[in-house]
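Peer 1:
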Amino acid sequence: MSSCSRTRTKAPRSARSNRNGGFSSSSATIVANIDDVLIQILSFLPIKTLLRFKRVSKRWLSLITNPDFSNRIIKSNHPLPISGFFLHSPRAIKYSFVSLDDEDDATNQRISSSLPLWFTDHQTDMIIMQSTNGLLLCQCSCASSNHFNTNYYVYNPTTKQYTLLPQITGHIALSLAFDPSKSPHYKVFCLRGRSNNSVSSASDSELYHIEVYSSNEGLWRRVDPALTSPSTFIEFSYSVFWNGAVHWYGLSSRDCLSFDISKEEIKILPLPDLDDEEALLPDPRTLRFLDESRGNLYYIEVNDQSSSDLPVYEMERNSSSWSMKYNVDLEPLAAAFPEMITEDYTNRRIYAFSVIGFVKEETDAESYILLHIPNKAVKYNFIDKTFKKLCDFKPLVNDAPEDAFYRFQRTFPFIKSLANV
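FYI, in UniProt numbering the residues of the sequence shown are 1 to 421.
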């Protein structure tokens, strides 16, 4: 054994780094104290992580909730993925929530309990009217001086922020527009007519006018769009924001009434012409679904639920025509989940299902449709035609017959967003 010994001299603490090559604690402190550097680091983190980091300190909370930072995050990550769906109960103003996050699947938190949606001091529940890029348009009827006022809100369920819109009455329909890739501000459009009827088949070019509320202005103002008269019966129960326009439609109309925001022009967006259905109005009991996902518009109409074919129509952002994009074969689903098969009042064999939503991913191979079958949500991949159960539901109607199938009234996509309202 050598008589010589090796002497080690410790480097100063400020010059040392950990064995894995990371920053020393003093270096990390220096970085954390420089706002520009910290903001740059935070900008690479997912929104779910940023929401947790808001609790680190008041300074981090201030940085993450700063409108400039949140707008930067939203714009750089647009379009943001769908994180789940709000599901409106069939008979009550209550909402369940289905998460699409894989983490929730691992922790058995895929489905939330059915709870009222409320975020103000009002004793009545909120009703979701529309979901657009992370924001919800909601309404609530509130008692005041022996009468009811209907209030409208824009709500961000991620940040829990909301804005009460200025009072508006006597309208036919409302619609929310928000495109964070173009502007951090949202708009709400109010469709007005000469009467308060919810539907009309008149052809008078002066039938409609539009009022708009802008989040950066804070007031309703009237716009005088160029009008196109509807040639068919149009209902205004639902709305969707797509391709720079708001579109109103209903379960009994063949067309959408659309308002092009940049051109300030009202026009008609025809829904797909289906075989043998051109001259007929859809039956209100027909399964119909229209929604947007990652810039494309999707439509489903099922008039015969005894058929195992479920065609899905698509209109791309730069197109003006529909094409059949996918065809879902329900028979393998029914073989795996026999509770899907039931009978109607004529003892005809039918498939019991409804559509929760479309999820268009970055590639077609990853895109899928989320279906509601009796007491379950099922994820069906369009391309490889594989499917799996996403979660179980409790019975939606407590006193319903065992073999009865009740659809959700409405479903609304949820997108995690730091958008300011």
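All C-beta atoms in this analysis are idealised placements derived from N, C-alpha and C, irrespective of residue type, glycine included.
(1) Buried or exposed, going by whether 16 or more other CB atoms sit within 10 Å of the CB of Ser-215?
(2) Tell me the residue span of the beta strand (DSSP E) that contains Gln-305.
(3) Using beta-carbon positions only, say whether Asn-133 and Asp-101 come within less than 8 Å of one another.
(4) Look at the Cβ atom of Leu-418, then the Cβ atom of Thr-49, and state whether they are nearer than 8 Å.
(5) Return the chain-ordered ranges of every beta strand (DSSP E) run that is complete within the stretch 142-182 and spans a minimum of 3 residues.
(6) Would DSSP call Gln-139 helix, strand or coil?
(7) Check each candidate in Asp-255, Pro-374 and Asp-309 and name the one with the smallest Cα separation from Glu-339.
(8) Which residue comes first and which comes last in the alpha helix (DSSP H) that contains Trp-60?
(9) Need the endpoints of the alpha helix (DSSP H) that Thr-49 sits in, please.
(10) Tell me, which residues are paired with Phe-259 by DSSP?
(11) Rounded to the nearest angstrom, what separates Ser-253 and Arg-294 at their Cα positions?
(12) Quick one: what does DSSP say Ile-415 is sitting in, helix, strand or coil?
(13) Evaluate Ala-335 with the Cβ neighbour count: other Cβ atoms within 10 Å of its Cβ, from every protein chain shown; 16 or more gives buried, anything less gives exposed.
(14) Exposed or buried, Asn-327, counting other C-beta atoms within 10 Å across all chains shown (16 or more means buried)?
(15) Tell me the residue span of the alpha helix (DSSP H) that contains residue 462.
(16) For Ala-173, I'd like the list of residues in its chain whose CB is within less than 7 Å of its CB, leaving aside the five on either flank, ordered along the chain.
(17) Tell me whether Met-126 sits in a helix, a strand or coil according to DSSP, three-state version.
(18) Do Leu-87 and Lys-416 come within 8 Å of each other at the CB atom, strictly closer than that value?
(19) Exposed or buried, Ser-323, counting other C-beta atoms within 10 Å across all chains shown (16 or more means buried)?
(20) According to DSSP, is Pro-332 helix, strand or coil?
(21) Taking C-alpha atoms, which residue in Pro-184, Pro-225, Ile-341 and Gln-130 lies nearest to residue 425?
(22) Can you check DSSP and say which residues form a bridge with Phe-85?
(23) By the three-class DSSP mapping on this structure, what secondary structure does Pro-338 have?
(24) Within the same chain, show all residues whose beta-carbon is closer than 6 Å to that of Phe-405, passing over the 5 residues directly before and after it, in chain order.
(25) With 16 as the cutoff for other CB atoms within 10 Å, does Lys-385 come out buried or exposed?
(26) Given Ile-128, which residues of its chain have a CB within under 8 Å of its CB, disregarding the five upstream and five downstream residues?
(27) Leaving out five residues before and five after Leu-63 in sequence, what residues of the same chain have Cβ atoms less than 8 Å from its Cβ?
(28) Count the other CB atoms within 10 Å of the CB of Glu-343; is the residue buried (16 or more) or exposed (fewer)?
(29) Between Phe-241 and Ala-177, how many whole angstroms is the CB-CB distance? I'm expecting something under 8 Å.
(30) Flag this pair as yes or no: are the beta carbons of Ile-369 and Val-355 separated by less than 8 Å?
(31) For Lys-379 and Leu-269, what's the separation of their Cα atoms in angstroms?
(32) What residues in its chain sit with their C-beta under 7 Å from that of Arg-221, if we drop five residues either side in the sequence?
(33) With which residues is Pro-311 paired in a DSSP beta bridge?
(34) I believe Cys-140 touches Thr-124 by the beta-carbon criterion, under 8 Å. Please report the beta-carbon distance rounded to the nearest angstrom.
(35) If we ignore side chains and look at the alpha-carbon of each, how far apart do Lys-376 and Phe-393 end up?
(36) Enumerate in chain order the residues of its own chain whose CB-to-CB distance from residue 504 is below 8 Å, with the five nearest sequence positions on each side excluded.
Peer 2: Short version:
(1) buried
(2) That residue, Gln-305, is in no beta strand (DSSP E); it is neither H nor E in DSSP.
(3) no
(4) For Leu-418 and Thr-49, no; Cβs fall outside 8 Å.
(5) 147-156, 161-164 and 173-177
(6) strand
(7) Pro-374
(8) 58-65
(9) 47-53
(10) Val-246 and Ile-266
(11) 25 Å
(12) coil
(13) Burial check for Ala-335: the Cβ neighbour count within 10 Å stays below 16, so the residue is exposed.
(14) exposed
(15) Residue 462 lies beyond the range of the chain shown here (1 to 421); nothing can be said about it.
(16) Counting only Cβ-Cβ distances below 7 Å, and skipping sequence neighbours, we find Leu-191, Phe-236, Ser-239 and Trp-248.
(17) coil
(18) no
(19) exposed
(20) In the structure shown, Pro-332 sits in a helix (DSSP, three-state: H, G or I).
(21) It is not possible to answer for residue 425, since the shown part of the chain is limited to 1 through 421.
(22) Val-98 and Pro-413
(23) helix
(24) Ala-352 and Pro-374
(25) exposed
(26) Within the same chain, Ile-128 has close Cβ partners Phe-86, His-88, Tyr-95, Leu-117, Leu-136, Leu-137, Cys-138, Arg-410 and Phe-412.
(27) Taken in chain order, the residues that qualify are Asp-35, Leu-38, Ile-39, Leu-42 and Phe-69.
(28) exposed
(29) 5 Å
(30) Pairing Ile-369 with Val-355 gives a Cβ-Cβ distance under 8 Å.
(31) 29 Å
(32) Closer than 7 Å at the Cβ level, and outside the excluded window around Arg-221, lie Glu-211 and Val-212.
(33) Asn-327
(34) Between Thr-124 and Cys-140 the Cβ distance is about 6 Å, and since that is below 8 Å, they are a contact.
(35) 5 Å
(36) Any answer about residue 504 is impossible in this case: the structure gives the chain only from 1 up to 421.
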